[in-house]
Amino acid sequence: MEGAGLAIARVGGGGLLALGIACWLARRTPTSPASVGVAWAYLVYNVVTCVTLAWAGVALLGGSLPALGGAVLHGVVGAAMLGALLGRSEASAGS
Numbered sequence: 000m001e002g003a004g005l006a007i008a009r010v011g012g013g014g015l016l017a018l019g020i021a022c023w024l025a026r027r028t029p030t031s032p033a034s035v036g037v038a039w040a041y042l043v044y045n046v047v048t049c050v051t052l053a054w055a056g057v058a059l060l061g062g063s064l065p066a067l068g069g070a071v072l073h074g075v076v077g078a079a080m081l082g083a084l085l086g087r088s089e090a091s092a093g094s
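Per numbering that gives the first Met the number 0, the sequence shown runs over residues 0 to 94.
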């Protein structure tokens, strides 16, 4: 990886690190609006990453297994996050 690809990877890594720190700090107040916003952001990240890796895995002729494996992993995490967020909204609506 060279040039623009390396810069894009570093920016993406920095964004992922920032999201991880936000999630880590939001764990103390899971019902606050900021924590819920972080959870939605994490869901969006996982969905976009799942779709991107799945597309790359299909587009690659060889060596697509790691990309497809990563897509499945992000899809499972995204589904779990969506379930937690929807369960949270149903629980708050019922009380």
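Cβ coordinates follow ideal geometry from the N, Cα and C atoms, glycine included.
Range covered by the alpha helix (DSSP H) that runs through residue i
i	result
Pro32	32-58
Counted within 10 angstroms of its Cβ, other Cβ atoms place residue i as buried (16 or more) or exposed
i	result
Gly77	buried
Ala70	buried
Thr48	buried
Leu64	exposed
Leu52	buried
Residue i beta carbon near the ligand NAP (any heavy atom closer than 7 Å)
i	result
Ala21	Only the bare structure without any ligand can be found here, which leaves the ligand NAP out of the picture.
Inset, instruction - Taking 8 Å as the threshold, find out whether the segment 39-46 comes into contact with the segment 14-24 through three or more Cβ pairs. - result: yes
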